[in-house]
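Residue numbers (our numbering): 3 to 47.
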């Protein structure tokens, strides 16, 4: 993560999912989904 002068990271969450399909019950399919909440900082000119 690199800080920016335009944005700030307010919150983040990660969700891990495992799905087994009927064709391949012994093979789990995995994915990770991330949600980020960003806040744009005011720019003063």
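Even for Gly, the Cβ is constructed at its ideal location relative to N, Cα and C. Every value quoted in this text rests on a predicted model; they were computed, and no experiment measured them.
- Message: Given a cut-off of 8 Å on the beta-carbon distance, is the pair residue 38 and residue 14 in contact?
- Response: Cβ atoms of residue 38 and residue 14: closer than 8 Å.
- Query: Whose C-alpha, out of 41, 24, 17 and 25, is nearest the C-alpha of residue 33?
  - Reply: 17
- Message: Here's a check: name, in chain order, each residue in its chain whose Cβ is nearer than 6 Å to the Cβ of residue 35, leaving out the five neighbours to either side.
- Response: 17
- Query: To the nearest whole angstrom, what separates the beta carbons of residue 41 and residue 10, a pair I think is in contact under 8 Å?
  - Reply: 5 Å
- Kindly indicate the opening and closing residues of the beta strand (DSSP E) around residue 29. Counting along the chain, residue 29 falls outside any beta strand (DSSP E), and DSSP gives it neither H nor E.
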